[in-house]
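Numbered according to our numbering, the sequence shown spans residues 78 to 182. Even glycine gets a Cβ: it sits at the ideal position worked out from N, Cα and C. What follows is one structure encoded as structure tokens, with my remarks underneath.
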Amino acid sequence: MTLDFHPSQLPILKTFEINDESQVSDAASEMIKLGFSNQKSAFKVLMTNEKELAKKIGFLIVNEINFGLRKTKQERDVMYWVYHHDKSRYTMVLISSKVSHELGF
Numbered sequence: 078m079t080l081d082f083h084p085s086q087l088p089i090l091k092t093f094e095i096n097d098e099s100q101v102s103d104a105a106s107e108m109i110k111l112g113f114s115n116q117k118s119a120f121k122v123l124m125t126n127e128k129e130l131a132k133k134i135g136f137l138i139v140n141e142i143n144f145g146l147r148k149t150k151q152e153r154d155v156m157y158w159v160y161h162h163d164k165s166r167y168t169m170v171l172i173s174s175k176v177s178h179e180l181g182f
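Written as structure tokens, this is what we have:
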């Protein structure tokens, strides 16, 4: 699948910098409180460039968000992309698929 845009082009509501697994839960909780489908923007998560730790953080974020959305009876239609932000960090961008389509992405 090829993208007609780069995820960095999405409007960002809030950026979270997560350097280790202990920060995932708080960030995911805040994203769930702010909501995905009622925002016209995305969330950005900056992670380490250490590949294995970034994979683990990304996996935990997705699971925490899915669990939290189900628990709060919100739609679980979150899309995400991971890419190199710069030489020292990966970035994960998360957005409601409905909002993504409304914005024309």
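- Pairing residue 97 with residue 134 gives a Cβ-Cβ distance under 9 Å.
- Under DSSP, no beta-bridge partner is assigned to residue 147.
- Residue nearest to residue 141 within the set 100, 90, 180 and 85 is 100 (criterion: CA-CA distance).
- Note: residue 171 is bridge-paired with 120 and 157 in the DSSP secondary-structure output.
- In terms of Cβ geometry, residue 152 and residue 106 do not form a close pair [threshold 9 Å].
- By the 16-neighbour rule on beta-carbons within 10 angstroms, residue 85 is exposed.
- Classified as buried, residue 121 has 16 or more neighbouring CB atoms from the shown chains inside 10 Å of its CB.
- Counted as a single uninterrupted DSSP element, the alpha helix (DSSP H) harbouring residue 111 occupies residues 101–111.
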